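Just so you know, the protein sequences line up as chains A and B, in that order. Using the UniProt record's numbering, the first residue of the first sequence is number 1, and each one after it goes up by one. Using the UniProt record's numbering, the first residue of the second sequence is number 1, and each one after it goes up by one. Don't be surprised by glycine CBs; every beta carbon is placed ideally from N, CA and C. On a predicted model such as this, the values are computed, not experimentally measured, just so you know.
Number of protein chains: 2
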Amino acid sequence: MSAQAAASAQQDEQARFRESLAHELTRFIEGRAAAMARVSADVAPLMDAISGLVTGGKRLRALFCYWGWRGAGGEVLGREAVQAGVALELFQAAALIHDDIIDRSDIRRGGPSVHRRFGQLHRDNRWALDEERFGQAAAILTGDLCLSFCEEAFTAIGPAAGSTTAARRIFNTMRAEVMAGQYLDILEEVVGPSRARSEAVAAAANVIRFKSAKYSTEHPLAIGAALAGADEELLAAYSRFSLPLGEAFQLRDDVLGVFGDPQTTGKPAGDDLREGKRTVLVAYALERSTAAGAALLEESLGRQDLGDDDVERLREIISTSGALDATETLIDGLSTRAFEALGELPVPADVCAALQGLGLAAVQRAA
Amino acid sequence: MSAQAAASAQQDEQARFRESLAHELTRFIEGRAAAMARVSADVAPLMDAISGLVTGGKRLRALFCYWGWRGAGGEVLGREAVQAGVALELFQAAALIHDDIIDRSDIRRGGPSVHRRFGQLHRDNRWALDEERFGQAAAILTGDLCLSFCEEAFTAIGPAAGSTTAARRIFNTMRAEVMAGQYLDILEEVVGPSRARSEAVAAAANVIRFKSAKYSTEHPLAIGAALAGADEELLAAYSRFSLPLGEAFQLRDDVLGVFGDPQTTGKPAGDDLREGKRTVLVAYALERSTAAGAALLEESLGRQDLGDDDVERLREIISTSGALDATETLIDGLSTRAFEALGELPVPADVCAALQGLGLAAVQRAA
Numbered sequence: 001m002s003a004q005a006a007a008s009a010q011q012d013e014q015a016r017f018r019e020s021l022a023h024e025l026t027r028f029i030e031g032r033a034a035a036m037a038r039v040s041a042d043v044a045p046l047m048d049a050i051s052g053l054v055t056g057g058k059r060l061r062a063l064f065c066y067w068g069w070r071g072a073g074g075e076v077l078g079r080e081a082v083q084a085g086v087a088l089e090l091f092q093a094a095a096l097i098h099d100d101i102i103d104r105s106d107i108r109r110g111g112p113s114v115h116r117r118f119g120q121l122h123r124d125n126r127w128a129l130d131e132e133r134f135g136q137a138a139a140i141l142t143g144d145l146c147l148s149f150c151e152e153a154f155t156a157i158g159p160a161a162g163s164t165t166a167a168r169r170i171f172n173t174m175r176a177e178v179m180a181g182q183y184l185d186i187l188e189e190v191v192g193p194s195r196a197r198s199e200a201v202a203a204a205a206n207v208i209r210f211k212s213a214k215y216s217t218e219h220p221l222a223i224g225a226a227l228a229g230a231d232e233e234l235l236a237a238y239s240r241f242s243l244p245l246g247e248a249f250q251l252r253d254d255v256l257g258v259f260g261d262p263q264t265t266g267k268p269a270g271d272d273l274r275e276g277k278r279t280v281l282v283a284y285a286l287e288r289s290t291a292a293g294a295a296l297l298e299e300s301l302g303r304q305d306l307g308d309d310d311v312e313r314l315r316e317i318i319s320t321s322g323a324l325d326a327t328e329t330l331i332d333g334l335s336t337r338a339f340e341a342l343g344e345l346p347v348p349a350d351v352c353a354a355l356q357g358l359g360l361a362a363v364q365r366a367a
Numbered sequence: 001m002s003a004q005a006a007a008s009a010q011q012d013e014q015a016r017f018r019e020s021l022a023h024e025l026t027r028f029i030e031g032r033a034a035a036m037a038r039v040s041a042d043v044a045p046l047m048d049a050i051s052g053l054v055t056g057g058k059r060l061r062a063l064f065c066y067w068g069w070r071g072a073g074g075e076v077l078g079r080e081a082v083q084a085g086v087a088l089e090l091f092q093a094a095a096l097i098h099d100d101i102i103d104r105s106d107i108r109r110g111g112p113s114v115h116r117r118f119g120q121l122h123r124d125n126r127w128a129l130d131e132e133r134f135g136q137a138a139a140i141l142t143g144d145l146c147l148s149f150c151e152e153a154f155t156a157i158g159p160a161a162g163s164t165t166a167a168r169r170i171f172n173t174m175r176a177e178v179m180a181g182q183y184l185d186i187l188e189e190v191v192g193p194s195r196a197r198s199e200a201v202a203a204a205a206n207v208i209r210f211k212s213a214k215y216s217t218e219h220p221l222a223i224g225a226a227l228a229g230a231d232e233e234l235l236a237a238y239s240r241f242s243l244p245l246g247e248a249f250q251l252r253d254d255v256l257g258v259f260g261d262p263q264t265t266g267k268p269a270g271d272d273l274r275e276g277k278r279t280v281l282v283a284y285a286l287e288r289s290t291a292a293g294a295a296l297l298e299e300s301l302g303r304q305d306l307g308d309d310d311v312e313r314l315r316e317i318i319s320t321s322g323a324l325d326a327t328e329t330l331i332d333g334l335s336t337r338a339f340e341a342l343g344e345l346p347v348p349a350d351v352c353a354a355l356q357g358l359g360l361a362a363v364q365r366a367a
């Protein structure tokens with residue numbers, strides 16, 4: 001097979017996996033929606049909200065899981081890998097629903113976030129009491145429901161995800177670490193201002209690892225591999241690729257959270273600043289800005305009322321300080337390490353090519 | 001064995017189950033706390049909050065599960081039943097954490113609720129930004145973590161709780177129905193005021209079934225039975241006992257939510273009124289009060305600033321209207337149905353006695 005034909009076959013397989021994944025996700029949601037309808041027709045908005053979230057998105061985690069599976073000898077479009085993808089997408093949806101409440105994000109993928117959807121439902125129906133409280137409460141419950149669904153889907157993989165398997169162990173670790181990492185993230189928002197600026201970069205880097213890097217790339221890849229029976233050696237080799245890649249992925253996210261184009265990201269400009277996120281990018285800026293710049297940045301972080309002009313001024317401070325360049329250099333270094341490790345993975349050429357494609361998309365993306 | 005000796009043996013077995021359950025819960029939490037500590041020492045407060053919730057409580061669900069198991073032929077202190085009890089207690093803890101955010105409950109079992117604990121931590125450390133938001137965000141994440149733990153614990157039961165088993169199916173149904181029921185509950189708070197008063201009782205009764213009755217008694221009993229291999233006939237017989245019992249249990253809860261003694265319940269007097277809960281008790285009162293009484297009750301429901309005098313006045317309206325008596329009559333009727341069905345259960349006498357003890361405690365309790 002020519003190199004071109006091989007690339008086309010690999011892309012074709014990935015497209016077919018996406019189709020299977022979408023099909024199984026729809027089937028899963030429809031089944032649960034039917035069961036929920038037997039409780040009450042009024043529960044439909046919860047299912048609609050979940051359905052809306054899992055029909056979109058980049059499928060990054062499901063794809064890493066699939067190619068991890070294939071690289072460990074799993075069969076083409078294997079049922080277990082598709083099912084694990086369903087579970088990962090449901091987990092991501094659950095995390096986004098609760099994340100958006102925590103971060104007070106009104107917008108998700110260009111539309112209203114789930115708590116805003118329920119707020120809108122309250123307003124449209126002129127219901128009593130407080131719209132915002134109702135929206136938050138309904139979104140907490142929708143996220144909980146989605147979290148339960150993710151477990152259902154993972155368990156439905158069958159014996160390969162049974163109680164004593166490596167895949168289950170990684171799945172458990174993944175969920176606990178994400179929640180711990182998210183807590184460290186909100187803790188950093190409130191502790192950060194009293195921390196010495198010289199410690200800010202290290203603190204931000206630790207948050208990244210657990211909140212995002214392991215969860216977005218390392219664990220999904222490892223779950224797929226473990227389901228296909230990968231040994232410890234292969235899992236360790238996968239980590240050498242996926243962990244630095246995941247860190248670069250999150251650093252890219254942090255850059256987009258400040259400098260991203262709302263048209264492309266589907267989120268308001270400078271959202272991370274308004275939320276007060278203490279990212280590596282912000283930590284660098286605090287460390288390297290002029291005293292006046294750092295002071296303005298420090299007092300602006302977490303202010304919900306920052307306007308477009310304020311965001312523009314903060315972007316300039318961050319960029320002039322050299323923080324943006326420093327973050328891009330970090331992303332480059334991590335990407336290089338990741339792609340070197342990829343070259344040494346004992347996996348077939350088409351799996352390697354697929355992982356390279358996913359990796360490049362993760363670190364070079366604009367949304 | 002004399003009747004007295006039999007009763008003592010059964011109570012002794014229940015005490016030993018409680019000990020095993022407490023032991024396994026502690027072991028589970030300690031294992032997870034050690035893993036979390038490897039992420040960061042800062043995550044300890046999440047584990048402390050979970051630990052605080054699962055070391056208290058009446059163990060109602062775990063006990064129904066255990067006697068359901070025993071009645072279906074499961075062995076004394078069987079590992080699977082203890083492990084299922086661990087999962088149910090963790091699920092209950094997760095539900096309480098999120099429930100208290102949703103209901104804005106500051107107090108749980110006489111101490112601060114989890115979001116208040118985190119608010120206190122914020123205040124004690126003089127951290128930046130908003131104490132209340134930090135408390136809520138941390139509690140959302142703690143509940144999510146606990147929900148994941150519950151699933152880990154349930155899966156650790158092993159093959160008897162595998163992907164295609166009856167126990168797993170009931171466990172899945174239980175979680176989804178509770179969340180749907182809780183949504184119906186908050187929906188009723190905002191929809192109720194515009195509903196015809198004649199429909200209020202039926203609406204409240206539907207909420208009860210899914211939010212509480214099935215979850216508190218029917219599903220735990222059925223999970224234990226299914227783990228021991230119960231057939232459909234036994235599960236149906238169990239339901240005829242546990243479903244009316246669960247409804248009576250929740251109606252008792254509703255009475256305590258308005259008339260309970262704070263010293264005994266560990267919650268402020270009249271908490272349900274302040275939260276605007278549209279219970280069967282309240283629905284009866286709206287239906288049966290004088291026009292002036294109903295109007296005052298209607299405009300008071302959901303007002304956070306109700307003082308002790310207001311609560312006292314509302315109690316009088318509810319009680320004078322005959323709503324309290326009507327609710328007690330309903331509890332009596334449901335209890336009678338439940339205990340009649342209990343008498344027909346094909347289970348050993350000691351299991352029957354244990355279930356009767358649990359049932360009586362559930363409907364006659366003061367806390």
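- With a threshold of 8 Å between beta carbons, residue 115 of chain B makes no contact with chain A.
- Within its own chain, the residues whose Cβ lies closer than 7 Å to the Cβ of residue 135 of chain A, once the five positions on either side in sequence are excluded, are 115, 116, 118, 119, 122, listed in chain order.
- Chain B places a beta carbon closer than 8 Å to that of residue 302 of chain A, counting this residue as a contact.
- Using beta-carbon distances, residue 120 of chain B does not count as an interface residue toward chain A, since no partner is under 8 Å.
- When C-beta atoms of the segment 141–152 of chain B are compared with those of the segment 136–152 of chain A, three or more pairs fall below 8 Å, so the two segments count as touching.
- Taking residue 173 of chain A as the centre and dropping the five residues before and after it, the same chain places the C-beta of 219 closer than 8 Å to its C-beta, in chain order.
- Under the Cβ criterion of 8 Å, residue 67 of chain A is not counted among the residues facing chain B.
- Closer than 7 Å at the C-beta level to chain A, one finds these residues of the segment 208–224 of chain B: 210.
- If the five residues before and after residue 313 of chain B are omitted, its C-beta is found closer than 8 Å to the C-beta atoms of 296, all from its own chain and listed in chain order.
- Taking a beta-carbon distance threshold of 8 Å, residue 151 of chain B counts as an interface residue toward chain A.
- Taking 8 Å as the upper bound for CB-CB distance, residue 278 of chain B and residue 189 of chain B are in contact here, some 6 Å apart.
- Under the three-state reduction of DSSP output, residue 111 of chain A falls in the strand class.
- Between residue 318 of chain B and residue 324 of chain B, the C-beta spacing is below 8 Å.
- Within the segment 287–318 of chain A, the alpha helix (DSSP H) runs of at least 4 residues that lie entirely inside it are, in chain order, 291–300.
- Distance from the CA of residue 161 of chain B to the CA of residue 155 of chain B, rounded to the nearest whole angstrom, comes to 6 Å.
- By the neighbour-count definition (other C-beta atoms within 10 Å, threshold 16), residue 58 of chain B is an exposed residue.
- Within chain A, not a single residue places a beta-carbon under 9 Å from that of residue 93 of chain B; the smallest gap is close to 13 Å.
- Take residue 298 of chain A, set aside five residues on each side of it, and the residues of its chain with a beta-carbon closer than 7 Å to its own are 193, 286, in chain order.
- Proximity of residue 98 of chain B to chain A, defined by a Cβ-Cβ separation below 8 Å, is satisfied.
- Within the segment 127–146 of chain A, contact with chain B at the beta-carbon level (separation under 7 Å) is assigned to 127, 128, 129, 134, 137, 138, 140, 141, 144, 145.
- Interface annotation, residue 158 of chain B: in contact with chain A, CB-CB separation under 8 Å.
- Sixteen is the threshold: since fewer than 16 other Cβ atoms of the shown chains lie within 10 Å of the Cβ of residue 38 of chain A, the residue is exposed.
- Per the C-alpha coordinates, the member of B:227, B:260, B:248 positioned closest to residue 68 of chain B is B:227.
- Between the beta-carbon of residue 157 of chain A and that of residue 89 of chain A there is about 14 Å, and that puts the pair past the 8 Å contact cut.
- When C-beta distances to chain B are compared with 9 Å, the residues of the segment 38–52 of chain A below that value are 39, 40, 42, 43, 45, 46, in chain order.
- In this model, residue 1 of chain B and residue 19 of chain B are separated by some 25 Å (Cα to Cα).
- Using beta-carbon distances, residue 190 of chain B counts as an interface residue toward chain A, with a partner under 8 Å.
- Residue nearest to residue 33 of chain A within the set B:185, B:256, B:177 is B:177 (criterion: CA-CA distance).
- For the pair residue 255 of chain B and residue 273 of chain A, the Cα-to-Cα distance works out to about 48 Å.
- In this structure residue 338 of chain A touches residue 248 of chain A by the C-beta definition: roughly 7 Å separates them, less than 8 Å.
- Interface criterion met: the Cβ of residue 184 of chain A is under 8 Å from a Cβ in chain B.
- Residue environment analysis places residue 23 of chain B among the exposed positions, since fewer than 16 neighbouring C-beta atoms fall within 10 angstroms of its C-beta.
- Contact check for residue 21 of chain A and residue 74 of chain A: beta-carbon distance about 15 Å, past the 8 Å limit, so the pair fails to qualify.
- For the segment 9–38 of chain B, the residues whose beta carbon sits under 8 Å from a beta carbon of chain A are, in order, 32, 35, 36.
- At a beta-carbon threshold of 9 Å, the residues of chain A lying near residue 276 of chain B are 128, 129, ordered along the chain.
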